[in-house]
Amino acid sequence: MKCILSVGIDIGTSTTQVIFSQLGMDNTSSFFTVPKISIVSKEIIYKGDIYTTPLRTSVMIDGEAVREIVAAEYKKAGFTPSEVDTGAVIITGESARKENSEEVLRYLSSFAGEFVVSTAGPDMESVIAGKGSGAAQYSSDESCAVVNLDIGGGTTNVAVFDDGESVSVGCLDIGGRLIRFDNNNVITYISESAAIAAREAGVSVSVGDTAVVSDLEKICDVYAEALKQFLGVTENNGLCDKFRTPGSSDFVVNKRLRAVCFSGGVADFIYGSERDKLKFQDIGVLLGEAIVRSGLCSPFKLIGAAETIRATVIGAGTYTTSVSGSTIDYSEGLFPLKNIPVFKLSDEEQSRCFSGDDRFLAERFSWYLSQNDCRNAVLAMDGQTNPSYMAVKTLAKTIARALTTVLPQGEAIMIVLRHDMAKILGRLLREEVKDRPVVSIDSVIVQQGDYIDMGKPLMEGMVIPVIVKTLIFG
Amino acid sequence: MDRNELLNEIIRQVIAEMGATADVGAVKRAVAETLGASDNKEYTDLTSKESKGQPGLKNPEDMDALLRMKSKTPARIGVGRAGGRLTTKSLLTLRADHAAAKDAVFMDVNEDLLKRLGMFTVQTKCVDKNQFLTRPDLGRTFSDEALNELRSKCKMNPQVQIYASDGLSSTAIEANLENILPAITDGLKSKGISVGTPFFVKYGRVATEDIIAETLSAEVVCVLLGERPGLATAESMSAYIAYKATVGMPEARRTVVSNIHKDGIAAVEAGAYIADLIEKILKAQKSGVELQS
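Here is the structure:
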């Protein structure tokens, strides 16, 4: 078994965290068959402290201070960035909406290690938190649909997993730090979302007031009701739409949800209790209590989270990396490749390529590049489960002809397939195209509009670590 | 009497025996529903993946979970039952799979296919299928004439000698050979490795490769062989590869790539993998367990 070191860094609305984990890879297939390398173990080897996300102004993250936190955690963990094989930096909640968030993220990912990738976006965040909390694993173990609610400082990220796969995601501006006060319980901050909730609750709160627990409870009751409507526990009268996070997906559930799981900082006050209602100078404790009081959980089985406040950072560090199929083909010296946009062919488009229509492919591919203003993209398709040699040969010729006319000199031809046929396609492509690099990998499922990162080959070059991201910045 | 009248007659008799009266039409509808049959319905291939993926179990507690379980195994789970017995569909599917397995063993490989691939045929000492099945020793030996034919028709001293043999499944050869052979040979040629003349061995077992490697002085020998069929698939092929194979060498010196079929690893992809594997064996100058460690 070979172990690789993975880092997770989460810059959230209220907290910044770092964890390290070890991913074990091994050949899971028998001695007598083609190898199949899989990630067989995931062990968290270092959990860092939980820091308050440093801000320079209300709209700017203090990038330098974040870097110092991360550097100090690396030192405490005993690792240097060059030892880190993979991982992800994720910027979440309100932090993702700061003016310099993209810049901070890019800077951090290059600082953290060669193949540490950056991610953001409420949808991605929901999935990562649900994997980190253990909800995805539960749904796979029990073969049922589970909803995970990651309630942080600024947002509630909702993800539904069915048999381990995320099937629906959504995000609401509901969180524990949307109203904050100082040591004397004088309110110092009320977010836009909290102002709406206060209006709905019929209470008046303003900055400078002294916090009144009963008023804040009413606001939290509105939030709890919105979550109930969001999950379909009570009828939707439009309340939850008022809190929907801009840029998040439509949340549609067409499966009966069996269980609910909570993560994020607020989860600790759903699973446990806290006597000091105004601890942390925010509404986190009250929000947790309001959710328990609301009966949101009663239609479901409430399952315990493996991680609460650390779910997102653990998801980022442990569950973002996967590996390609073990029979693949690539030119040496290309990796890592980061943030490559994915152009995915539909089944119908794919069959036109299998039948040799290179002009059509060239047209579609160049249209995609110009639409997205990029130099290159991954050409993705499902492929076939048992193609004939002639069919693969025709496909290779078609791709070679089309992409060499469209791509600038020297740009690599990159293919991502779902079905196991990348090695033969890659080899035939390299025979057709001698003057540019070729990458052909399989057993990776991507959608149109995804971004893909590919790391350096592992296990004697048999597999490539892959991170598929749904969205970088909206 | 046509089928309709016959059916009406049977139903009437059964009802009469039961001493009851009933609507013949209603009974017929119920029977048709149960059997899922009607005259203009197209018959599905019972051995197909689609047909086997359909659970026979009526009203399962969780249909999605059952379908997921079924998708993870070729075992016949969730097939339902009729009292204590198999349902008609289960029974017919089993028999169809068994028939496919028997066909795979007893059929000969289509000669047009071998002609198309430019392969001539040599036969082991077995004279027919029955002898091949009952005398494994003869299935790994050749007559002097056969060996002379090999010497006269094949390129001597190739780096790699590839050939195919029926083994216990001719169906496997017919399903995979045309796609795997060029994937291996083109792959080796593009690496600058010399490949011998391909041919086909009738009534052959794995160890024929030892004699063939010695006879043709091949550095690496690779036989593409039909595997004993089971009820899950009759199309499974394996490649047995050995470095400087000699008669009587330990079995541990063979490198095996098995499970080559449409629901295992696709023939073309296996071919690309085998080409790389043979390159590795040539470089390491060893095969089998020794190569792995």
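Protein chains in written order, with the working numbering: chain A, 1 to 474; chain B, 1001 to 1293.
The beta carbon of each residue, even a glycine, is placed where N, CA and C say it ideally should be.
A quick note: this is a predicted structure, and the numbers were derived from the prediction, not measured.
Asked                                                                                                                                                                                     : Found
Could you compute how far the alpha carbon of Asp-1263/B sits from the alpha carbon of Glu-1269/B?                                                                                        : 12 Å
Following the continuous alpha helix (DSSP H) through Phe-161/A, name the residue where it begins and the one where it ends.                                                              : Segment 156 to 162 is the beta strand (DSSP E) holding Phe-161/A; no alpha helix (DSSP H) there.
Can you confirm whether Thr-234/A, when its beta carbon is compared against all beta carbons of chain B, has any partner nearer than 9 Å?                                                 : no
Run through DSSP, which three-state label would Lys-1052/B get?                                                                                                                           : helix
Note down, in chain order, each residue of its chain lying with its Cβ closer than 8 Å to the Cβ of Leu-287/A, except the 5 sequence neighbours on either side.                           : Ile-151, Ile-174, Gly-175, Gly-176, Cys-220, Tyr-223, Ala-224, Val-266 and Phe-269
Just to confirm my understanding: we take Arg-427/A, look at its own chain, exclude 5 residues before and 5 after, and list those with CB closer than 7 Å. What are they?                 : Asp-329
Measure the Cβ-Cβ separation of Tyr-51/A and Thr-28/A and say whether it is below 9 Å.                                                                                                    : no
State whether the stretch 131 to 145 of chain A contacts the stretch 302 to 314 of chain A, with contact taken as three or more CB pairs (one from each stretch) at a distance under 8 Å. : yes
On a Cα-Cα basis, can you pick out the residue from Gly-461/A, Leu-55/A and Gly-93/A that is closest to Gly-333/A?                                                                        : Gly-461/A
Let me know if Met-1/A comes out buried or exposed under the rule of 16 or more other beta-carbons within 10 Å of its beta-carbon.                                                        : exposed
Which of helix, strand or coil does DSSP assign to Pro-1229/B?                                                                                                                            : coil
Please identify the residue among Pro-457/A, Tyr-451/A and Met-459/A whose C-alpha is closest to the C-alpha of Ile-467/A.                                                                : Tyr-451/A
Can you tell me whether DSSP reads Asp-329/A as helix, strand or coil?                                                                                                                    : strand
Output, in chain order, the set of chain A residues within a Cβ distance shorter than 8 Å of Gly-1271/B.                                                                                  : Tyr-389 and Ile-424
Of all the options Glu-1061/B, Lys-1052/B, Asp-1062/B and Ser-1217/B, which has the alpha carbon lying nearest to the alpha carbon of Ser-1090/B?                                         : Lys-1052/B
If we count the other Cβ atoms within 10 Å of its Cβ and call it buried at 16 or more, is Arg-180/A buried or exposed?                                                                    : buried
Assign Val-146/A to one of two classes, buried (16 or more other C-beta atoms within 10 Å of its C-beta) or exposed (fewer than that).                                                    : buried
Would you report the Cα separation of Gly-474/A and Pro-246/A, rounded to the nearest angstrom?                                                                                           : Summary for Gly-474/A: the model assigns pLDDT 44, below 50, so the residue's position carries little reliability; its value from the coordinates is reported in the next sentence. Taking the straight line from one Cα to the other gives about 10 Å.
Is it buried or exposed, Asn-1179/B, if we count other Cβ atoms within 10 angstroms and call 16 or more buried?                                                                           : buried
Which residues in chain B sit within 7 Å of Glu-431/A, going by Cβ to Cβ distance?                                                                                                        : Ser-1190
Under the three-state reduction of DSSP, which class applies to Ala-259/A: helix, strand or coil?                                                                                         : strand
I'd like to check one pair, Met-421/A with Leu-379/A: are the Cβ atoms closer than 9 Å?                                                                                                   : no
Give the residues of chain B in contact with Ser-143/A, contact being defined as C-beta atoms less than 7 Å apart.                                                                        : Ala-1065 and Arg-1068
Closer than 6 Å by C-beta to Leu-178/A: which residues in its own chain qualify, once you throw out the five before and the five after it? Chain order, please.                           : Ser-191, Ser-193 and Ala-194
Alpha helix (DSSP H) containing Val-1105/B: first to last residue?                                                                                                                        : 1088 to 1106
Kindly confirm or deny that the stretch 35 to 46 of chain A and the stretch 96 to 107 of chain A touch, where touching means at least three C-beta pairs closer than 8 Å.                 : no
Residues of chain A with CB under 8 Å from Gly-1118/B, in chain order?                                                                                                                    : Neighbours of Gly-1118/B on chain A: none; closest Cβ ~15 Å, over 8 Å.
Would you say Pro-974/B faces chain A, with C-beta separation under 9 Å as the test?                                                                                                      : Chain B is shown only over 1001 to 1293; residue 974/B falls outside these bounds and no answer can be derived.
Please decide whether Val-1257/B counts as near chain A, where near means a Cβ-Cβ distance under 9 Å.                                                                                     : yes
Since Ile-1260/B sits in a beta bridge, which residues does DSSP pair it with?                                                                                                            : Met-1237/B and Ile-1265/B
Among the residues of its own chain, which have a CB less than 7 Å from the CB of Glu-1214/B, if the five just before and after it don't count?                                           : Thr-1246 and Val-1247
Given Leu-345/A, which residues of its chain have a CB within under 6 Å of its CB, disregarding the five upstream and five downstream residues?                                           : Met-381
For chain B, check one thing: does any of its Cβ atoms lie closer than 9 Å to the Cβ of Leu-418/A?                                                                                        : Reading the sequence as shown, one finds Arg at residue 418/A and not Leu. Cβ-Cβ to chain B under 9 Å: no for Arg-418/A.
Whole beta strand (DSSP E) runs in the stretch 99 to 126 of chain A with 3 or more residues, listed along the chain?                                                                      : 116 to 120
Helix, strand or coil: how does DSSP classify Asp-453/A here?                                                                                                                             : strand
From Ile-340/A to Leu-1231/B, what does the alpha carbon distance come to, in whole angstroms?                                                                                            : 44 Å
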